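Notes follow the structure.
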Amino acid sequence: MKTVFITGANRGLGLEFSRQYLAAGNRVIATARNPEDSEGLQALKKEYGEHLSLYPLDVTDANSRAAVSDAVGDRVIHLLINNAGYYGANNPLGKLDEADWSKVFHVNCIGPV
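FYI, in this note's numbering the residues of the sequence shown are -1 to 111.
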């Protein structure tokens, strides 16, 4: 049994990655800013129990990253799917303001590091 760590697991591809890896018999550590608010993650937790660990994680926040690292401890992670991402406030590429670009950069570039 492998352990897969997935960021941005609350919806879309992250949620589906979680579902598929659990269905294949793996353990999943699923993270999102508010995993308790994700109906999909909560349903998977009911179905897969201890094979799914849920942790709140904001990839742009050092304290949040440290808390997840402490919680995961020395468990071996076989695969990291760094799915957390942000594009902006639904504006076309040329219409993003400085604050949007800063958030895009922090979530998509600094967070994964």
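All C-beta atoms in this analysis are idealised placements derived from N, C-alpha and C, irrespective of residue type, glycine included.
For clarity, every value in this text was computed on a predicted model and none was experimentally measured.
Look up PRO33 in the DSSP assignment and say whether it is helix, strand or coil. Looking at PRO33 - three-state DSSP - the assignment turns out to be helix.
The segment 101 to 109 touching the segment 18 to 29, judged by at least three CB pairs closer than 8 Å: Segments in contact, no.
For a test of the three-state rule: what should DSSP assign to ALA116, helix, strand or coil? Since the first residue shown for the chain is -1 and the last is 111, residue 116 is missing from the structure and cannot be characterised.
Report buried or exposed for PRO112, applying the criterion of at least 16 other Cβ atoms within 10 angstroms of its Cβ. This structure cannot speak to residue 112, because the chain is shown only from -1 to 111.
Assuming the contact rule is C-beta atoms closer than 8 Å, GLU80 and THR5 should be a hit. Round their C-beta distance to whole Å, please. Sequence inspection shows Asn at residue 80; the Glu mentioned does not correspond to that position. So it is a contact: roughly 5 Å between Cβ atoms.
Check for me: the beta strand (DSSP E) holding ASN8 runs from which residue to which? First-last for ASN8: undefined, no H or E at that position.
Can you round the beta-carbon distance between SER36 and ARG9 to whole angstroms, since I take them to be within the 8 Å contact cut? Correct: roughly 7 Å between the Cβ atoms.
Where LEU39 falls, given that 16 or more other Cβ within 10 Å makes a residue buried: That one is buried.
Nonlocal neighbours in the same chain, by C-beta distance under 7 Å from VAL70, ignoring five residues either side: The residues are ILE27.
Look at the alpha carbon of LYS44 and the alpha carbon of ARG63, and state the distance between them as a whole number of angstroms. Each residue's alpha carbon lies about 25 Å from the other.
Give a yes or no on whether the C-beta atoms belonging to HIS76 and LYS0 are separated by under 9 Å. Yes.
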